[in-house]
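In the numbering used here, the protein residues as written are 161 to 431.
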């Protein structure tokens with residue numbers, strides 16, 4: 161007999177693996193070992209690469225760019241993308257939804273092939289819902305009349321919403337990485353608020369299980385955005401068109417964080 165409950169909603173195609181090992185694109189590929197010719201050490205080489213390839217104007221300070229309208233216009237024309245800047249952080253949010261490796265750095269060095277992905281590949285927002293109200297009750301509002309709602313906090317001294325936090329200020333959310341910077345934190349809060357609004361709507365419509373109805377709707381909306389807008393913007397049309405036909409068994413290890421770090425280049429000289 162299977163344990164737990166079975167979802168009644170249709171969600172994105174699921175991998176044969178629910179949670180399991182990362183895969184590898186080229187398992188027999190030797191580790192990258194760059195030539196240090198002309199550089200005293202690896203750090204010097206990487207700094208040279210970063211300054212030459214990752215900074216638009218290495219000799220110009222961000223403050224100088226901010227004060228020079230002509231230079232800003234030139235940078236905008238050369239580097240600006242049609243991808244909304246906020247999608248850099250949305251991509252980070254998506255990454256946290258489909259990949260999580262809590263292994264220590266020692267474990268990564270000792271047995272990189274044994275690393276496990278503790279997230280599902282189905283875009284099911286487990287970084288928002290955690291293990292659900294039964295197994296992760298600390299994420300959910302326990303007040304009478306608030307059943308099925310996620311906890312919402314307040315910025316101290318105001319009525320402005322914030323992530324729920326403990327006395328030390330640590331966020332009580334499904335994935336601690338979603339509080340690592342202000343923008344991803346606000347995205348997480350937006351999903352919490354959206355879920356609670358959907359619960360209220362489901363209650364008003366007389367749904368048998370308002371929580372499940374709200375979670376299903378929010379997952380569908382999120383999956384639609386990822387598939388029909390986000391991925392279309394960051395991939396070629398032919399790649400997007402054949403993606404569902406690939407049906408990979410698992411997420412490749414090199415693809416996790418690196419896949420979404422491509423978006424960081426869209427925000428140059430953060431200003």
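Ideal Cβ positions, reconstructed from N, Cα and C, are used throughout, including at glycine. As the structure is a computational prediction, the values presented were derived from the model and not from experiment.
Tell me the rounded alpha-carbon separation between residue i and residue j.
i	j	result
residue 200	residue 206	11 Å
residue 342	residue 348	10 Å
residue 378	residue 231	42 Å
residue 225	residue 236	11 Å
residue 209	residue 202	11 Å
residue 290	residue 245	27 Å
residue 403	residue 346	30 Å
residue 305	residue 369	14 Å
residue 329	residue 388	36 Å
residue 401	residue 318	47 Å
residue 227	residue 327	41 Å
residue 364	residue 315	29 Å
residue 220	residue 233	15 Å
Kindly list the residues whose CB is nearer than 7 Å to the CB of residue i, restricted to its own chain and excluding five residues on each side of it in sequence; keep chain order.
i	result
residue 298	332
residue 287	256, 257, 334, 335 and 338
residue 344	249, 252, 253 and 338
residue 194	205
residue 311	299, 300, 301, 324 and 332
residue 384	none
residue 229	none
Just to confirm, is the Cβ distance from residue i to residue j under 9 Å?
i	j	result
residue 258	residue 393	no
residue 211	residue 222	no
residue 362	residue 381	no
residue 396	residue 359	no
residue 322	residue 313	yes
residue 283	residue 399	no
residue 371	residue 293	yes
By Cβ distance below 6 Å, which residues in the same chain neighbour residue i in space, the five residues on each side in sequence not counted?
i	result
residue 367	373
residue 296	290
residue 198	none
Any heavy atom of the ligand NAP within a distance shorter than 8 Å of the CB on residue i?
i	result
residue 351	With respect to small molecules bound, the structure shown includes none, and the ligand NAP cannot be examined in it.
How far does the alpha helix (DSSP H) with residue i in it reach, from first residue to last?
i	result
residue 225	222-227
residue 251	246-258
residue 310	Unbroken run through residue 310: none, as it is neither H nor E.
residue 367	Element bounds for residue 367: n/a, residue is neither H nor E.
residue 287	286-289
residue 392	391-394
Are there 16 or more other CB atoms within 10 angstroms of the CB of residue i, so buried, or fewer, so exposed?
i	result
residue 196	exposed
residue 356	buried
residue 191	exposed
residue 320	exposed
residue 281	buried
Could you pull out every residue in the same chain whose Cβ sits closer than 8 Å to the Cβ of residue i, ignoring the five residues on either side in sequence?
i	result
residue 390	247, 250, 251 and 254
residue 266	In this prediction, residue 266 scores a pLDDT of 46, lower than 50, which makes its location untrustworthy; no coordinate-derived value is stated.
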